[in-house]
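Peer 1: Structure in C-alpha cells, see below.
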Amino acid sequence: MSSSIEGRKVLLYVSPAASSLLPLLTKPTIDELSKAGVLLTVACRTLESAQQLCKGIKNTNAISLDVNDSAALDAELAKVELVISLIPYIHHATVIKGAIRTKKNVVTTSYVSPAMMELQEDAKKAGITVMNEIGLDPILILTYVQGIDHLYAVKTISEVHEAGGKVTSFLSYCGGLPAPECSDNPLGYKFSWSSRGMLLALRNDAKYYEDGKIVSIPGPELMGTAKPYFIYPGFAFVAYANRDSTPYKERYQMPEAQTIVRGTLRFQGFPQMIRTLVDLGFLKEDEKEFMKTPIPWKEAMKQLLGATSSDEKDLQWAISSKTKFADNEEKDRIMAALRWIGVFSDEKITPRNNPLDTLCATLEQKMQYGPGERDMVMLQHRFEIENKDGSKETRTSTLCDYGDPNGYSAMAKLVGIPCAVAVRQVLDGTLSEKGILAPMNMKICGPLIKALKEEYGIEMIEKTL
18 MSSSIEGRKV LLYVSPAASS LLPLLTKPTI DELSKAGVLL TVACRTLESA QQLCKGIKNT
78 NAISLDVNDS AALDAELAKV ELVISLIPYI HHATVIKGAI RTKKNVVTTS YVSPAMMELQ
138 EDAKKAGITV MNEIGLDPIL ILTYVQGIDH LYAVKTISEV HEAGGKVTSF LSYCGGLPAP
198 ECSDNPLGYK FSWSSRGMLL ALRNDAKYYE DGKIVSIPGP ELMGTAKPYF IYPGFAFVAY
258 ANRDSTPYKE RYQMPEAQTI VRGTLRFQGF PQMIRTLVDL GFLKEDEKEF MKTPIPWKEA
318 MKQLLGATSS DEKDLQWAIS SKTKFADNEE KDRIMAALRW IGVFSDEKIT PRNNPLDTLC
378 ATLEQKMQYG PGERDMVMLQ HRFEIENKDG SKETRTSTLC DYGDPNGYSA MAKLVGIPCA
438 VAVRQVLDGT LSEKGILAPM NMKICGPLIK ALKEEYGIEM IEKTL
C-alpha cells in the first residue's frame with residue numbers, strides 16, 4: 018500500500034442495524050487500512066460494539082456515536098479526512114450532509130439512493146468525493162459484490178464501444194453460497210448472518226429488459242421463473258432476476274442493449290423449496306397468536322395451514338392443497354425438506370409472533386456454517402456483442418472465489434477489500450472526481466481493477482466463447 022496514506026485519519030461508522038454483519042463487512046477493511054498505517058476511528062452507537070471491532074488491531078480507536086446527533090457527528094468529522102459509512106442506506110444522506118458541512122470525503126458500500134443524488138450539487142460545491150457502490154450494501158445483503166461487478170461490466174462495455182461495437186445483451190448473475198461440499202441441507206444455503214434479510218429479499222418484485230421489452234415479475238411469482246443456469250459443468254446453478262435491472266441501460270451507458278438482466282444464483286432445488294414456503298405463508302409477517310408461545314412445530318403447522326390434525330399425513334395433505342409440485346419426486350423431496358426443518362415434529366418453535374420470524378429462528382439454528390466450512394462467491398457477466406463489421410461474439414467475465422475457514426470468508430474479502438482500496442485511492446488522490454460517485458466509468462474503474470488484481474489477486478476472468 019502507498020505510504021502516502023500513513024498517518025492519515027479516517028472515521029468508520031457502523032450502524033447497530035447492520036450489527037449481525039459487522040464481522041463480515043468491516044474486518045478486512047479495518048485490517049487493510051491498519052496495515053497501511055491509517056489512523057482509524059471506529060464508531061458505533063454503543064462503545065462495546067466499536068471496541069469489539071478494534072480488538073487486537075493497531076492504529077484503531079473505538080468511540081460511541083449517534084449518527085443523528087449532528088453536532089457530535091460534525092465534531093468527529095472535523096478530526097478526520099474521510100468517513101466510511103457502513104450503515105443502512107436510508108441514513109447515508111445524514112452522514113453525507115455532515116461531510117458536506119465539514120468538507121470531508123466519504124466512501125459507502127451502498128447503492129446510490131435518490132436522497133443521496135439530491136446532494137450532488139452540494140457535494141461538488143463542497144469539493145468532496147463521495148464514492149459509493151464499492152462492496153456490498155449492509156442491508157441488501159443479497160445484492161451483488163458491488164464494485165467487482167461494476168468494474169468489469171464497465172470495462173467490457175467501454176472496450177466494445179471504443180471498437181465501434183454494440184452490446185446487444187447483458188446477463189449478470191451473482192451468488193453468495195456455501196461451497197458445494199458444504200451445501201448439505203435441503204436449501205443448499207447457509208447463513209453467516211440473520212436469515213430474515215435473505216427471506217425478505219425473496220418477496221421483492223423483479224424488472225428487466227428482455228428482447229427490447231420490460232418484463233415485470235411480482236415477488237410471489239419470482240421463484241417460479243428460476244431456471245437452470247450454466248457457468249461451469251461442476252455447478253448445478255439456477256438463476257432468477259434480482260430487483261430492478263432496467264436502470265443499468267443508462268448506468269452502464271448501453272442504450273443499444275435489448276436484454277439486460279441482473280440476477281441471483283442459487284443451487285438447484287432452492288427455488289422450489291422457497292416457493293413452497295411462500296405458498297404456505299411462511300414469508301408473511303402477520304401476527305399469529307399461536308406463534309407467541311413455544312408450542313410444538315406440528316401444532317403450529319396445524320393452525321397455520323388449517324389442517325384437520327397435527328398428524329404428519331394430515332399436514333402433508335394440507336400442504337399439497339396449498340402448493341403445487343412438478344411431480345411426485347419433487348413432492349417427496351420437499352416433504353423431506355420440511356421434515357428436516359422440523360415442522361412435522363414435536364420440537365418446540367422459537368416463538369417470534371409471526372410466521373417469517375418464527376421460521377427464521379429455526380433456520381438460523383439449522384443452517385449455520387460449521388467449523389472448517391467455507392463459503393463461495395460466484396459472479397458472471399455474459400455479453401452478446403455485435404462488432405463494427407457485423408460479426409457477433411459472446412464474452413464472459415467470471416469470478417469464483419472461496420472463503421478461508423481460518424481467515425476471511427469469500428464474501429468478507431470481496432466486500433471489505435474493495436472498500437479499503439477505494440478509501441486508499443480517495444486519500445492518495447488517485448480517485449479525485451468530486452460529487453456523488455459510483456464506479457461507472459473507466460477513470461474510476463481502471464485504477465480499482467489494477468489494484469485489486471495486482472495486490473490481492475481479485476479479478477474476473479475474461480473469455481471470448
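Count along the sequence shown from 1, add 17, and you get the number used in my numbering.
Glycine is no exception: its CB is placed at the ideal position from the N, C-alpha and C atoms.
Skipping 5 residues on each side, what residues in its chain have a beta carbon closer than 6 Å to that of glutamate 302?
Peer 2: Residue 302 sits at position 285 when you count from the first residue of the sequence shown. Asn371 and Leu373, listed in sequence order.
Peer 1: So for glutamine 275, helix, strand or coil by DSSP?
Peer 2: The residue labelled residue 275 in the question sits at position 258 within the sequence shown. Coil, per DSSP.
Peer 1: My output table needs one value for glutamate 479: the three-state DSSP class, helix, strand or coil.
Peer 2: Taking the first residue of the sequence shown as 1, we reach residue 479 at position 462. Here glutamate 479 sits in strand by DSSP.
Peer 1: Among all the DSSP beta bridges, which residues are the ones paired with valine 232?
Peer 2: As a first step, residue 232 must be located in the sequence shown, where it is residue number 215. Beta-bridge pairing links valine 232 to Tyr225.
Peer 1: In three-state terms, what does DSSP make of glycine 452?
Peer 2: Position 435 of the sequence shown, counted from the first residue, corresponds to residue 452. For glycine 452, the three-state secondary structure derived from DSSP is strand.
Peer 1: How is aspartate 331 classed by DSSP in three states: helix, strand or coil?
Peer 2: As a first step, residue 331 is located in the sequence shown; it is residue number 314 there, counting from the start. In this structure, aspartate 331 counts as helix in the three-state DSSP scheme.
Peer 1: Taking all protein chains shown into account, do 16 or more other C-beta atoms lie within 10 angstroms of the C-beta of methionine 318, making it buried, or fewer, making it exposed?
Peer 2: The residue given as residue 318 occupies position 301 in the sequence shown. Buried: at least 16 other Cβ atoms inside 10 Å.
Peer 1: Closer than 8 Å by C-beta to proline 311: which residues in its own chain qualify, once you throw out the five before and the five after it? Chain order, please.
Peer 2: Counted from its first residue, the sequence shown places residue 311 at position 294. Closer than 8 Å at the Cβ level, and outside the excluded window around proline 311, lie Lys365, Ile366, Thr367 and Pro368.
Peer 1: Does the distance from the C-beta atom of leucine 297 to that of isoleucine 336 stay below 8 Å?
Peer 2: As a working mapping, residue 297 is identified with position 280 in the sequence shown. As a working mapping, residue 336 is identified with position 319 in the sequence shown. Taking 8 Å as the Cβ cut-off, leucine 297 and isoleucine 336 qualify as a contacting pair.
Peer 1: With respect to the beta strand (DSSP E) encompassing glutamine 285, which residues constitute its N-terminal and C-terminal limits?
Peer 2: Position 268 of the sequence shown, counting from 1, holds the residue named residue 285. Taken as a continuous stretch (DSSP letters only), glutamine 285 belongs to no beta strand (DSSP E), as it is neither H nor E.
Peer 1: Have a look at the DSSP bridge pairing and note the partners of arginine 399.
Peer 2: By one-based count along the sequence shown, residue 399 stands at place 382. Answer is Leu188 and Thr413.
Peer 1: Can you tell me which of Glu479, His167, Ser326 and Asp328 puts its alpha carbon nearest to the alpha carbon of proline 456?
Peer 2: Mapped onto the sequence shown, residue 456 falls at position 439. The candidate whose alpha carbon is nearest that of proline 456 is His167.
Peer 1: Using a Cβ-Cβ cutoff of less than 7 Å, which residues in the same chain neighbour proline 288 once the five nearest sequence positions on both sides are dropped?
Peer 2: For the purposes of this step, residue 288 is taken as residue 271 along the sequence shown, with counting starting at 1. Cβ neighbours of proline 288 beyond the five flanking positions: Met240, Ala243, Val255 and Tyr257.
Peer 1: Tell me the DSSP secondary structure of tyrosine 419 in three-state form.
Peer 2: Indexing the sequence shown from 1 puts residue 419 at position 402. Correct three-state label for tyrosine 419: strand.
Peer 1: Short of 8 Å in beta carbon distance, which residues of its chain neighbour glutamate 304, apart from the five on each side in sequence? Order them along the chain.
Peer 2: Start at 1 with the first residue of the sequence shown, and residue 304 comes out as number 287. Same-chain partners within the cutoff: Asn370 and Asn371.
Peer 1: What would DSSP say about serine 200, mapped onto helix, strand or coil?
Peer 2: For the purposes of this step, residue 200 is taken as the residue at position 183 of the sequence shown. Three-state DSSP puts serine 200 in coil, outside helix and strand.
Peer 1: Using alpha carbons as the reference points, say which of Leu42, Asn423 and Gln68 lies closest to proline 15.
Peer 2: The first residue shown for the chain is 18 and the last is 482, placing residue 15 beyond what the model contains.
Peer 1: By how many angstroms is the C-alpha of lysine 330 removed from the C-alpha of tryptophan 314?
Peer 2: Residue 314 sits at position 297 when you count from the first residue of the sequence shown. Residue 330 sits at position 313 when you count from the first residue of the sequence shown. Taken atom to atom, the span from the alpha-carbon of tryptophan 314 to that of lysine 330 is near 15 Å.
Peer 1: Can you list, in chain order, the residues of its chain whose CB lies under 6 Å from that of glycine 280, leaving out five sequence neighbours each side?
Peer 2: Locating residue 280 in the sequence shown gives position 263, counting from the first residue. Closer than 6 Å at Cβ, skipping near neighbours: Tyr190, Ala256, Tyr257, Ala258 and Asn259.
Peer 1: Per DSSP, what kind of secondary structure is glutamine 385 in: helix, strand or coil?
Peer 2: Looking up residue 385 in the sequence shown gives position 368. Reduced to three states, the DSSP call for glutamine 385 is strand.
Peer 1: Relative to the alpha-carbon of arginine 399, which residue among Phe187, Ala88, Gly164 and Cys71 has its alpha-carbon at the smallest distance?
Peer 2: Within the sequence shown, residue 399 is the residue found at index 382, counting from 1. Of the candidates Phe187, Ala88, Gly164 and Cys71, the one whose C-alpha sits nearest the C-alpha of arginine 399 is Phe187.
Peer 1: Just to confirm, is the Cβ distance from tyrosine 226 to serine 200 under 8 Å?
Peer 2: Within the sequence shown, residue 226 is the residue found at index 209, counting from 1. Within the sequence shown, residue 200 is the residue found at index 183, counting from 1. No, Cβ-Cβ distance for tyrosine 226 and serine 200 is not below 8 Å.
Peer 1: For lysine 348, which residues of its own chain have a beta-carbon under 8 Å away from its beta-carbon, when the five flanking residues on both sides are left out?
Peer 2: Sequence index remark: in the sequence shown, residue 348 carries index 331 (1-based). If we look at lysine 348 and ignore the five residues flanking it on each side, its Cβ neighbours are Ser337 and Phe342.
Peer 1: I'd like to confirm the pairing. Which residues does DSSP put opposite isoleucine 74 in its beta bridges?
Peer 2: Along the sequence shown, read from residue 1 onward, the residue named residue 74 stands at position 57. Looking at the DSSP assignment, isoleucine 74 forms no beta bridge with any residue, so it has no partner.
Peer 1: Under a three-way DSSP split, which group does lysine 172 fall into?
Peer 2: Reading the sequence shown from its first residue, position 155 is the one you call residue 172. Looking at lysine 172 - three-state DSSP - the assignment turns out to be helix.
Peer 1: Short of 7 Å in beta carbon distance, which residues of its chain neighbour serine 102, apart from the five on each side in sequence? Order them along the chain.
Peer 2: As a position in the sequence shown, residue 102 is number 85, starting the count at 1. Answer for serine 102: Tyr30, His109, Val112, Val123 and Thr125, listed in chain order.
Peer 1: Out of Tyr249, Met384 and Pro131, point me to the one whose CA is closest to isoleucine 358's CA.
Peer 2: Taking the first residue of the sequence shown as 1, we reach residue 358 at position 341. Minimum Cα distance to isoleucine 358 is reached at Met384.
Peer 1: Between valine 443 and the rest of its own chain, which residues show a CB-CB distance below 7 Å, the 5 nearest in sequence each way excluded?
Peer 2: The residue you call residue 443 lines up with position 426 of the sequence shown. Correct list, in chain order: Leu99, Asn122, Val124, Thr146 and Met148.
Peer 1: Would DSSP call tyrosine 249 helix, strand or coil?
Peer 2: What you label residue 249 is simply residue 232 of the sequence shown in a count that begins at 1. The answer is coil: DSSP assigns tyrosine 249 none of H, G, I, E or B.
Peer 1: Enumerated in chain order, which unbroken segments of the beta strand (DSSP E) with a length of 3 residues or greater are wholly contained in the stretch 57-127?
Peer 2: List check, beta strand (DSSP E) in window: 77-81, 99-103 and 122-125.
Peer 1: Taking 8 Å as the threshold (C-beta atoms), are lysine 26 and valine 97 in contact?
Peer 2: Along the sequence shown, one-based indexing puts residue 97 at 80. Along the sequence shown, one-based indexing puts residue 26 at 9. Cβ atoms of valine 97 and lysine 26: closer than 8 Å.
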